[in-house]
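Q: Following the numbering used here, the numbering of the sequence shown begins with -1 at its first residue and continues without gaps. The beta carbon of each residue, even a glycine, is placed where N, CA and C say it ideally should be. A quick note: this is a predicted structure, and the numbers were derived from the prediction, not measured.
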Amino acid sequence: MPNKIFLATLAADGIFLATGCLELGFSLIVRSQMNNAPQDGQEAVRNLLYQGFPLTAGIVNAAFILAAFFFTFPGLISPMRGWLKVGGYMITFCGLFTLCVGVYLWVMTLRVKESFFPTFVAQDPAVQQLIQKSVWAWTSRMKRQAPRLTRALQFECCGYFNHTTPAFVTDATCPSPAAAALISGCGTAISSFANVFIDNIFTAVFGMVGVDAVLILAIACLLKDRKERERYSHIDEKSGYRQI
C-alpha cells in the first residue's frame, strides 16, 4: 500500500501539472484575444496591458513544466530514483523561470503610469475615446438566482497626464477644452486599474513558485524514504530474511 509520503508527492505533482496547464491555457487565450477590438475602456486597457506581458516566456515555461511532469511521473510509479532526481532539477529550473516571470510582471506595476503613456499616445482616437468614458457603470449579475448590482470600473478622464498631454479626444466626457480642464487625465485611473489587475496575476504566478517549492521538498522526502527502505531491504537480505 502506498505510504503517505508517496501520496503527498503524487498530489503535489498533480497540482504542479495543473499550474503548467493553467499557464499554457492563459498565455494562448490571451495571445489570441489581446488584439481584438475592445468594447469599452476597461477592455481596451486590459488588451494593451496584455500586449506587454511575457506571453512567449509563459508558453515556454508551461512547456518546461509539462516536460518536468513527464520526468517525475515515471519516477513516482517506479522504484528508480534517477528519474525523480532529474525531475527535481527540472522542477527547480521551472520554479526559477516562473519566479522571473512573476518578477517581470511585478516590475511592470512600479512605473505603469509612465510606461503606458507611449502606448496610449499610439492608439487611434476611437480607442482613446473609449478609455475617456464614464468612470463607474452599474451592472446586474446573477447570484444565487437573485440579481445583484455591482459597479464595474471604467474611466472618466481627458488626455493622459492632463487634458493637453496628449490633447484630449472630443466626446461626451470631454466636450470642450474648458470642460476637459476640470477632469483629470487618464494616467491615474489607468495606473490604479493596471496595478490591481497585474497584482492578481503575478500573485498567482508567485503561488505557482510555491507549488514548485512544495513539490521539490516532497520529492526530496520521497527519495530519502526510498533510500532508507532500500538500505533496510539490503540488511534484511544479508540477514537471510526476504519479504514475500
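Any beta carbon of chain D sitting closer than 9 Å to that of F195?
A: In the structure shown, chain D does not exist; there is a single protein chain.
Q: Tell me which same chain residues have a C-beta within less than 6 Å of the C-beta of A216, skipping the five on either side of it?
A: The residue you call residue 216 lines up with position 218 of the sequence shown. So the qualifying residues of the chain are A6, T7, A10.
Q: For I13, count the other beta carbons within 10 Å of its own beta carbon; 16 or more makes it buried, fewer makes it exposed. Which is it?
A: Sequence index remark: in the sequence shown, residue 13 carries index 15 (1-based). Exposed, because fewer than 16 other Cβ atoms sit within 10 Å of the Cβ of I13.
Q: Note the first and the last residue of the continuous alpha helix (DSSP H) segment covering G73.
A: Taking the first residue of the sequence shown as 1, we reach residue 73 at position 75. 53 to 75 is the extent of the alpha helix (DSSP H) around G73.
Q: Which residues in the same chain as I3 place their Cβ atom closer than 6 Å to its Cβ, once the five residues preceding and following it in sequence are excluded?
A: Counting from 1 along the sequence shown, the entry for residue 3 is found at position 5. Result list for I3: C219, L220, D223, in chain order.
Q: Could you check if T17 is buried or exposed, using at least 16 other CB atoms within 10 Å of its CB as the buried criterion?
A: Reading the sequence shown from its first residue, position 19 is the one you call residue 17. Under this definition T17 is a buried residue.
Q: Which of the three DSSP states is assigned to N198 in this structure?
A: Residue 198 sits at position 200 when you count from the first residue of the sequence shown. If DSSP states are grouped into helix, strand and coil, N198 belongs with the helices.
Q: Assign F68 to one of two classes, buried (16 or more other C-beta atoms within 10 Å of its C-beta) or exposed (fewer than that).
A: Taking the sequence shown and counting its residues from 1, the one referred to as residue 68 is at position 70. Exposed.
Q: If you pair each beta-carbon of the stretch 62 to 82 with each one of the stretch 36 to 51, do three or more pairs fall below 8 Å?
A: Not touching, per the Cβ criterion.
Q: Touching or not, the stretch 173 to 181 and the stretch 151 to 160, by the rule of three or more beta carbon pairs under 8 Å?
A: Yes, since at least three Cβ pairs between the stretch 173 to 181 and the stretch 151 to 160 fall closer than 8 Å, the two stretches touch.
Q: Please report the Cβ distance between I188 and T90, rounded to the nearest whole angstrom; I am assuming they are in contact, meaning their Cβ atoms lie under 8 Å.
A: Looking up residue 188 in the sequence shown gives position 190. Looking up residue 90 in the sequence shown gives position 92. Not quite, the Cβ-Cβ distance comes to about 37 Å (not below 8 Å), so this is no contact.
Q: Applying the 10 Å Cβ sphere with the 16-neighbour rule, what's the burial state of M106?
A: Within the sequence shown, numbered from 1, the residue matching residue 106 stands at position 108. Classification of M106: buried, given that the 10 Å Cβ count is 16 or more.
Q: By Cβ distance, which residues of its chain are closer than 6 Å to N1, with the 5 residues on each side in sequence left out?
A: Taking the first residue of the sequence shown as 1, we reach residue 1 at position 3. Result list for N1: empty, nothing under 6 Å.
Q: Given a cut-off of 9 Å on the beta-carbon distance, is the pair A61 and L22 in contact?
A: The residue given as residue 61 occupies position 63 in the sequence shown. The residue given as residue 22 occupies position 24 in the sequence shown. It is a contact, given that the beta carbons lie within the stated cut-off.
Q: Taking the alpha carbon of I199 as the point to measure from, which residue in N59, V58, V99, M88 has its own alpha carbon closest?
A: Your numbering for residue 199 matches position 201 in the sequence shown. Considering only alpha carbons, the answer is V99.
Q: Whose C-beta lies closer than 6 Å to the C-beta of M206 among residues of the same chain, with five residues either side of it excluded?
A: The residue given as residue 206 occupies position 208 in the sequence shown. Correct list, in chain order: T17, T96.
Q: By the three-class DSSP mapping on this structure, what secondary structure does N193 have?
A: In the sequence shown, the residue the question calls residue 193 occupies position 195. Helix at N193.
Q: Can you check whether the CB of P36 is closer than 9 Å to the CB of V110?
A: Working through the sequence shown from its first residue, we reach residue 110 at position 112. Working through the sequence shown from its first residue, we reach residue 36 at position 38. Contact: no.
Q: Please name the residue, chosen from S30, L128, T54, C92, that lies closest to I63 on a Cα-to-Cα basis.
A: The residue you call residue 63 lines up with position 65 of the sequence shown. It is C92 whose Cα lies nearest to the Cα of I63.
Q: So the candidates are L103, A42, K131; which of them puts its Cα closest to the Cα of N193?
A: On the sequence shown, residue 193 is found 195 positions in, with the first residue counted as 1. Comparing Cα-Cα distances from N193 to each of L103, A42, K131, the minimum goes to L103.
Q: Let me know if Q40 comes out buried or exposed under the rule of 16 or more other beta-carbons within 10 Å of its beta-carbon.
A: By 1-based counting over the sequence shown, the position of residue 40 is 42. Under this definition Q40 is a buried residue.
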